[in-house]
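Residue numbers (the working numbering), protein chains in the order written: chain A, 478 to 696; chain B, 478 to 696. C-beta atoms are modelled at their ideal positions from N, C-alpha and C, and glycine is treated no differently.
Protein chains: 2
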Amino acid sequence: MIQPRPRSIPEATVARLAVYLRVLTSFADGGRTTVSSGDLASAAGVNPAGLRKDLSHLGSCGVRGVGYDVRALRERIARVLGAERSRACVLVGLGNLGSALADYAGFGSRGFEFVGLLDAAPERVGQRIGGLTVQDVADLEAVVAATQASIGVIATPADVAQQVCDRLAAAGVRSILNFAPVTLSAPAGVDVRHVDLSVELQVLAFLGQQRVPVGEASA
Amino acid sequence: MIQPRPRSIPEATVARLAVYLRVLTSFADGGRTTVSSGDLASAAGVNPAGLRKDLSHLGSCGVRGVGYDVRALRERIARVLGAERSRACVLVGLGNLGSALADYAGFGSRGFEFVGLLDAAPERVGQRIGGLTVQDVADLEAVVAATQASIGVIATPADVAQQVCDRLAAAGVRSILNFAPVTLSAPAGVDVRHVDLSVELQVLAFLGQQRVPVGEASA
DNA sequence: GCGACTTTGTTCCTGCGTTCACAAGCGGTT
DNA sequence: AACCGCTTGTGAACGCAGGAACAAAGTCGC
């Protein structure tokens, strides 16, 4: 019998929980204390029923007839997502995109901290970006070992991304976020998520072009 | 009878087609002329059967017993995705991320061309980034009208993203790619795609932490 | 010319995600 | 204290995506 593992939250739900967390933080900053599923759903751009189902995965948290306590719900989601404690990340590739990521304030406020910046170009090594000094990618294994980083971000050119991925995995990194336009293969036990900006644009363009030829003036 | 509209490709398939396009281009550059669904699928990181199903949406394109002609398949996918002709894009927000996007070579080679860069900060207006001169965001409507841009990319701070989105939509932009960490609402007829880097990291972190407590040494 | 092998294209099926709809529960009011 | 409206939480149905298996078709070898 398969153990009915106590925490089996669908991946799609996890992604939405992260969105709820952001919205709730925004609400809390605005001084709001309670929120209904309808309000929260519209702010997050989802269906109210789906939101309630998402929230049901972490146990009853709301009060019927009233709604959810903003602070309590935020804390609970943060705990489930593991966003309460900071996570160490290493970033490989300090080109334009990598530098932008290193400077991106959005990560630090969400529990992610870059503890190592690595690049292969000698002229970049030694530069300070976002409060850190860029190190030589040759020291990747040492940096991962010293910082105990569990997350790696790849923002290198495509042709070295797989090699960097292999080294990160071998060094003990369990999760990899890949911005390079290649499909990476990693050993079992290592999660890879791929963000391909060109793919996003192409999907968008396709949806847009599909809308035009129909040319329905109205219903 | 419902007209079996010739082009009704699932969104998930469209996203994968864009990946296949990239892999095929890579194969073509490598001098390869034919490819089987198995090889292409492993290079793209998907299931062979799923790949064939995706490709079946654009008509029979392969030769049984042989595989697919790399060049022909690439052309067909490019035509379906509309990647053969260049698309004009405007980019709003030239902070770290916006500057990286403006410089990102991956867009130009995939049929997307930035025709306008806009920012609100006076010190950024006039700068040249990626071959273009940054213009004042006050001229957004004029730039969109002059360039006939159909795609807008938002890389602004969160607090002005909705306002920029509204102006882009009003100016005639039909597709918007949003990098700001807020859920945007746009009028009907305007597609919005959201890329939230923090959400990606949080999903990754959650999957990673879920793996640890199980601690299954092996099968 | 014929057979066998390879690979595509399709069909079925299973599972998941999403949506709708309703019962249960709590606060406010009279 | 009882009623009523509001909101949550859950159960069921629908639709869709993913995966596996099978038939069709074309090529290579003999």
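Alpha-carbon to alpha-carbon, residue j and residue i
i	j	result
A/A635	B/E590	20 angstroms
B/T660	B/T511	43 angstroms
B/I606	B/Y581	10 angstroms
B/S519	A/A663	13 angstroms
A/G559	B/Q687	10 angstroms
A/V611	A/A598	10 angstroms
B/V669	B/S652	6 angstroms
A/V592	A/N655	17 angstroms
B/Y497	B/A521	6 angstroms
A/A565	B/G575	25 angstroms
A/A696	A/G515	Note that A/A696 has pLDDT 34, beneath the 50 cutoff, so the model's placement of it is unreliable and no number is given.
A/S586	B/Q639	21 angstroms
B/G570	B/G539	44 angstroms
B/G588	B/D506	17 angstroms
B/A579	B/P487	30 angstroms
A/R529	A/R541	12 angstroms
B/G649	B/D616	14 angstroms
Extent of the continuous alpha helix (DSSP H) to which residue i belongs
i	result
B/A560	Segment: none, B/A560 is in no alpha helix (DSSP H) and carries neither H nor E.
A/R499	488-506
B/V620	617-624
B/A582	582-585
Beta-carbon spacing of residue i, residue j below 7 angstroms
i	j	result
A/A657	A/I631	yes
B/V614	B/D643	no
B/I554	B/L517	no
A/L645	A/G629	yes
A/E677	B/V500	no
A/V667	A/A626	no
B/T502	B/H534	no
B/F504	B/V547	yes
A/A577	B/N573	yes
B/G544	B/S513	yes
Per-residue burial, residue i [other beta carbons within 10 Å of its own, 16 or more giving buried]
i	result
A/N524	exposed
B/R551	buried
A/A623	exposed
A/A619	exposed
A/G603	exposed
B/G536	exposed
A/A682	buried
A/S675	buried
A/G508	exposed
A/R556	exposed
The beta strand (DSSP E) enclosing residue i, as first and last residue numbers
i	result
A/L645	Premise fails: A/L645 lies in the alpha helix (DSSP H), 635-648, not in any beta strand (DSSP E).
B/D668	668-671
Reduced DSSP category for residue i - H, G, I as helix; E, B as strand; rest coil
i	result
B/E590	strand
B/G544	strand
B/V523	coil
B/G629	strand
B/V659	coil
A/D613	strand
A/L535	coil
A/S652	strand
B/R605	strand
B/A565	strand
Cβ-heavy atom distance, residue i to the ligand GDP, below 6 angstroms
i	result
A/A663	Inclusion of the ligand GDP in the displayed structure is not the case, the ligand content being empty and no account of it being possible.
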